[in-house]
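**Student:**
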Amino acid sequence: METQLHDRLSNDLTQLLKSGVNYDISIEVGEDGANIYKVHSIILQSRSPYFKNKFDEISFNENHVKVLKLPNISVKVFDVIIKYIYSGKVLLEKLENSFIFDLLVASNELELDELVEHLQSNFVNSNASWSSLNFAQIYRTSYQDKNLKIIRVCNNIITKYPNAIFESKNFYFLPEDALVSILKQDDLQLEESRIWEYVIEWGKAKNPTLPNSLDKWTSDNFSSLKKTLNLCLQHIRYFNIPGEDVVKKIYPYQQLLENQLFLDIASKIMAPNVPISSLVLPLRKLTVTDIITNEHALEISSWIDKQEKTYTENNPYEFKLLVKGSRDGFDVETIYNICDAVSNTVIVLKVEDTGEILGGFNPLEWNKDNNLWKNTDDSFVFSLKIANLKKSILSRAFKDNTWAIDNCPRDSSLSFGKALCLKGNLKTEKKGFCAVCGGYSKRIRSDEFITPVNFLSGVSPEFLFSVEEYVVFKILPKVR
1 METQLHDRLS NDLTQLLKSG VNYDISIEVG EDGANIYKVH SIILQSRSPY FKNKFDEISF
61 NENHVKVLKL PNISVKVFDV IIKYIYSGKV LLEKLENSFI FDLLVASNEL ELDELVEHLQ
121 SNFVNSNASW SSLNFAQIYR TSYQDKNLKI IRVCNNIITK YPNAIFESKN FYFLPEDALV
181 SILKQDDLQL EESRIWEYVI EWGKAKNPTL PNSLDKWTSD NFSSLKKTLN LCLQHIRYFN
241 IPGEDVVKKI YPYQQLLENQ LFLDIASKIM APNVPISSLV LPLRKLTVTD IITNEHALEI
301 SSWIDKQEKT YTENNPYEFK LLVKGSRDGF DVETIYNICD AVSNTVIVLK VEDTGEILGG
361 FNPLEWNKDN NLWKNTDDSF VFSLKIANLK KSILSRAFKD NTWAIDNCPR DSSLSFGKAL
421 CLKGNLKTEK KGFCAVCGGY SKRIRSDEFI TPVNFLSGVS PEFLFSVEEY VVFKILPKVR
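What the sequence shown shows, in the UniProt record's numbering, is residues 1 to 480, in sequence order.
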């Protein structure tokens with residue numbers, strides 16, 4: 001039976017590193033050689049092909065020592081790497097996630113395959129939250145080095161958390177081929193009209209001399225932007241963009257598109273069944289609804305569980321679709337009829353004109369027969385993060401809130417206190433509003449859209465809204 005005695009070997013080699021006895025390599029690490037490591041070529045060459053190739057290229061100096069400079073690796077990172085090379089040990093528990101990522105990048109550069117595999121596994125299993133928050137940095141680095149397998153982690157993050165890249169301050173620095181690879185993904189969890197807007201903004205950032213006002217653009221300006229976006233525009237799913245968004249968002253930039261493509265887009269809106277000649281790309285697979293994404297669902301689930309940190313994966317709940325306006329009708333009465341005696345529901349709606357995504361969670365049952373004010377501490381209203389709102393707003397019901405839920409089927413009305421009020425036909429009648437309300441902790445709309453508390457004279461028209469679409473989900477624990 002073979003006996004394994006690695007610890008003693010590891011300790012002895014670590015002492016050799018510390019002493020520097022009989023070293024023949026001097027490695028200058030960091031800018032301006034911030035730190036010098038006296039190491040042994042035989043050990044480094046046996047551990048890494050990178051060092052073997054480098055040492056073969058370098059001649060000995062007058063002191064019979066070869067000098068290697070690594071200015072792009074920090075001293076702290078290399079200190080961990082060189083100790084690993086000599087001892088075979090690395091301790092990650094007390095290291096910051098950003099440091100572990102830097103360590104991964106440096107280890108990949110130095111061709112330390114065993115360490116790279118270990119660090120990649122650590123990211124996949126333990127750092128999903130940090131990875132999503134710092135996605136732009138990770139994606140740019142990993143995409144530049146196709147051998148860095150953490151790219152598969154990035155692709156997983158893209159589909160679940162598209163805002164992590166599109167709303168990052170580093171988004172505009174993404175190389176074209178990286179952006180194209182994102183646009184190609186069929187399961188990108190983002191509305192196509194928003195993808196179009198992000199691509200346009202990326203192209204403008206690449207052309208900083210373009211006039212700020214579109215009214216002042218010349219044909220040459222459009223030609224410059226079209227040239228910049230040539231490859232990106234080929235992967236927009238134009239025929240999945242609602243007609244209203246085509247008018248608002250694509251029409252002003254029609255010069256970026258080929259004439260036939262723009263004619264076919266318009267044709268599909270006016271006569272959906274008439275054949276067209278342009279290539280129609282498949283619809284993206286939005287896995288929750290066309291209003292909210294997986295990222296939104298995770299956020300709502302964390303609020304239901306009263307978690308301080310937002311869930312980033314493994315949603316504990318299933319969002320079962322009960323009602324959808326475009327499918328079942330927009331009358332509030334429809335919600336009561338379908339959701340009668342159903343508890344733990346989330347209503348989510350997209351506001352006409354502003355594009356805001358508002359909603360509320362009701363842990364209690366809806367009742368279609370009686371007008372009732374319902375008391376609960378567990379309900380909440382919210383406004384979800386979108387392009388124009390960088391952070392979601394959560395507003396919880398205050399404790400002992402007797403008027404948390406206004407269940408009023410006879411008035412065709414449904415309200416969360418007065419923080420979010422829905423009435424009549426949500427699409428054709430402009431009767432929805434949010435008011436200053438003591439029953440919930442925060443306002444979920446900006447002040448310009450919040451009506452004062454006094455309703456005796458009715459809500460002023462400027463505070464009222466209708467919706468483009470709405471959905472109601474039953475929240476169910478997932479079966480493990």
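Just so it is clear, CB atoms sit at the ideal spot from N, CA and C, and this is done for glycine as well.
This structure is a prediction, so every number in the text was calculated from the model and none was measured.
Span of the alpha helix (DSSP H) holding Arg410?
**Tutor:** Indexing the sequence shown from 1 puts residue 410 at position 410. Element bounds for Arg410: n/a, residue is neither H nor E.
**Student:** Can you find the residues in the same chain that come closer than 8 Å, C-beta to C-beta, to Ser395, ignoring five residues on each side of it along the sequence?
**Tutor:** The residue labelled residue 395 in the question sits at position 395 within the sequence shown. Hits under 8 Å: Phe380, Val381, Phe382, Ala419, Tyr440, Ser441, Lys442, Arg443 and Ile444.
**Student:** Going by DSSP, which residues form a beta bridge with Ile58?
**Tutor:** Position 58 of the sequence shown, counted from the first residue, corresponds to residue 58. Residue pairing by DSSP places Ile58 opposite no residue, since no beta bridge is assigned to it.
**Student:** In angstroms, rounded to a whole number, what distance separates the CA positions of Ile195 and Phe398?
**Tutor:** Against the sequence shown, residue 195 aligns to sequence position 195. Against the sequence shown, residue 398 aligns to sequence position 398. If you take the alpha carbons of Ile195 and Phe398, they lie about 38 Å apart.
**Student:** Give the straight-line distance between the Cα atoms of Phe416 and Asn294, rounded to the nearest whole angstrom.
**Tutor:** For the purposes of this step, residue 416 is taken as residue 416 along the sequence shown, with counting starting at 1. For the purposes of this step, residue 294 is taken as residue 294 along the sequence shown, with counting starting at 1. In this structure, the alpha-carbon of Phe416 lies about 24 Å from that of Asn294.
**Student:** Would you list the one or two residues that DSSP bridges to Ala271?
**Tutor:** Numbered from 1 along the sequence shown, position 271 holds the residue referred to as residue 271. The partner list for Ala271 (beta bridge, DSSP) is empty, contrary to what the question assumes.
**Student:** What residues match up with Glu244 in a beta bridge as DSSP calls it?
**Tutor:** For this step, residue 244 is matched to residue 244 along the sequence shown. According to DSSP, which records beta bridges pairwise, Glu244 is partnered with nothing at all.
**Student:** According to DSSP, is Gly360 part of a helix, a strand, or is it coil?
**Tutor:** What you label residue 360 is simply residue 360 of the sequence shown in a count that begins at 1. Looking at Gly360 - three-state DSSP - the assignment turns out to be strand.
**Student:** Whole alpha helix (DSSP H) runs in the stretch 272-327 with 4 or more residues, listed along the chain?
**Tutor:** 294-304
**Student:** For Asn362, count neighbouring Cβ atoms within 10 angstroms of its own Cβ and tell me buried if that reaches 16, exposed if not.
**Tutor:** As a first step, residue 362 is located in the sequence shown; it is residue number 362 there, counting from the start. Buried is the call here.
**Student:** Give the range of the beta strand (DSSP E) segment to which Cys421 is assigned.
**Tutor:** Within the sequence shown, residue 421 is the residue found at index 421, counting from 1. Counting along the chain, the beta strand (DSSP E) containing Cys421 begins and ends at Leu420 to Lys423.
**Student:** With three or more C-beta pairs closer than 8 Å as the rule, is the stretch 205-220 touching the stretch 261-278?
**Tutor:** no
**Student:** Looking at C-beta atoms only, is the number of pairs between the stretch 79-89 and the stretch 108-118 that lie closer than 8 Å three or more?
**Tutor:** Flag = yes, the stretch 79-89 and the stretch 108-118 touch.
**Student:** Where does Tyr440 sit, in a helix, a strand or coil, going by DSSP?
**Tutor:** Stepping through the sequence shown from its first residue, residue 440 is reached at position 440. Here Tyr440 sits in strand by DSSP.
**Student:** So Phe473 and Thr310 are supposed to be a Cβ contact under 8 Å. How far apart are they, rounded?
**Tutor:** As a first step, residue 473 must be located in the sequence shown, where it is residue number 473. As a first step, residue 310 must be located in the sequence shown, where it is residue number 310. Their Cβ separation, rounded to whole angstroms, is 18 Å, which puts Phe473 and Thr310 out of contact at 8 Å.
**Student:** Should the stretch 459-472 be called in touch with the stretch 426-439, which here means at least 3 C-beta pairs below 8 Å?
**Tutor:** Touching, yes.
**Student:** Name the residue from Val29, Val280 and Val116 whose alpha carbon lies nearest to the alpha carbon of His235.
**Tutor:** Residue 235 sits at position 235 when you count from the first residue of the sequence shown. Looking at Val29, Val280 and Val116, the one whose alpha-carbon comes closest to that of His235 is Val280.
**Student:** By the DSSP assignment, the beta strand (DSSP E) with Arg396 in it spans what residues?
**Tutor:** Along the sequence shown, one-based indexing puts residue 396 at 396. Counting along the chain, the beta strand (DSSP E) containing Arg396 begins and ends at Ile393 to Arg396.
**Student:** Between the alpha carbons of Leu210 and Leu349, how many angstroms are there, rounded?
**Tutor:** Your numbering for residue 210 matches position 210 in the sequence shown. Your numbering for residue 349 matches position 349 in the sequence shown. Cα-Cα distance, rounded: 36 Å.
**Student:** Can you list, in chain order, the stretches of the alpha helix (DSSP H) that have 4 or more residues and sit fully within the stretch 180-240?
**Tutor:** 192-205, 219-228 and 230-233
**Student:** Do we get a CB-CB distance below 8 Å when we pair Thr293 with the residues of chain C?
**Tutor:** The chain inventory of the structure shown lacks chain C, comprising one protein chain alone.
**Student:** At which residues does the beta strand (DSSP E) containing Thr334 begin and terminate?
**Tutor:** Taking the sequence shown and counting its residues from 1, the one referred to as residue 334 is at position 334. Taken as a continuous stretch (DSSP letters only), Thr334 belongs to no beta strand (DSSP E), being part of the alpha helix (DSSP H) at Val332 to Cys339.
**Student:** By the three-class DSSP mapping on this structure, what secondary structure does Glu111 have?
**Tutor:** Position 111 of the sequence shown, counted from the first residue, corresponds to residue 111. Three-state DSSP puts Glu111 in coil, outside helix and strand.
**Student:** Quick test of your reading: Thr376 and Ala404, contact by CB under 8 Å. State the CB separation rounded to the nearest angstrom.
**Tutor:** Here residue 376 refers to the residue found at position 376 of the sequence shown. Here residue 404 refers to the residue found at position 404 of the sequence shown. Contact flag correct, Cβ pair sits at about 5 Å.
**Student:** How is Lys350 classed by DSSP in three states: helix, strand or coil?
**Tutor:** By 1-based counting over the sequence shown, the position of residue 350 is 350. Residue state, collapsed to three classes: strand.
**Student:** Buried or exposed: Leu283, going by 16 or more other Cβ atoms within 10 Å of its Cβ?
**Tutor:** Stepping through the sequence shown from its first residue, residue 283 is reached at position 283. Leu283 is exposed by the Cβ-count criterion.
**Student:** Count the other CB atoms, across all protein chains shown, that sit within 10 Å of the CB of Gln120; report buried if there are 16 or more and exposed otherwise.
**Tutor:** Numbered from its first residue, the sequence shown carries residue 120 at position 120. Gln120 counts as buried, since no fewer than 16 other beta carbons sit within 10 angstroms of its beta carbon.
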